[in-house]
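Trainee:
Residue numbers (the working numbering): 344 to 463.
#1: Hey, is the stretch 429-436 in contact with the stretch 352-368, meaning 3+ C-beta pairs nearer than 8 Å?
#2: Where does residue 420 sit, in a helix, a strand or coil, going by DSSP?
#3: Any idea what DSSP makes of residue 409, helix, strand or coil?
#4: Does the beta-carbon distance from residue 375 to residue 358 come in below 8 Å?
#5: Spatial neighbours of residue 465 within its chain, please: C-beta separation below 8 Å, excluding the five flanking residues on both sides.
#6: Here's a check: name, in chain order, each residue in its chain whose Cβ is nearer than 6 Å to the Cβ of residue 415, leaving out the five neighbours to either side.
#7: Quick check on DSSP: helix, strand or coil for residue 432?
#8: Assuming the contact rule is C-beta atoms closer than 8 Å, residue 424 and residue 402 should be a hit. Round their C-beta distance to whole Å, please.
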């Protein structure tokens, strides 16, 4: 997302998303949820628990225990160590729609880098 985007009045709907990736995988898996809790549940059920046990090696029992005890963050950290995958979670991101740009797009465009004179 553009670092310059700001939800000035806080009225946009919000989402949480997680990106599950490994260096040699293309493309990464993206999960989208309504809250951090829903992303935690999705990661636990659809990513961590879906992993074949032989891929977890010596981490298997610890991951199982963390899942059963609903310690999602701990289960995720152990799973990442065991599988050499990374998960980035982005909480509270605005859902962008064309309506948010409609009133200001012409004004904002003129100040974007692409409209600068080269070399300035």
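Where is the CB? At the ideal position from N, CA and C, for every residue including glycine.
Mentor: On the basis of the supplied data:
#1: yes
#2: helix
#3: Looking at residue 409 - three-state DSSP - the assignment turns out to be helix.
#4: The answer is yes: Cβ separation under 8 Å.
#5: Outside the shown range of the chain, which is 344 to 463, sits residue 465, and nothing can be said about it.
#6: 383, 387
#7: Assigned with DSSP and collapsed to three states, residue 432 falls in strand.
#8: 6 Å
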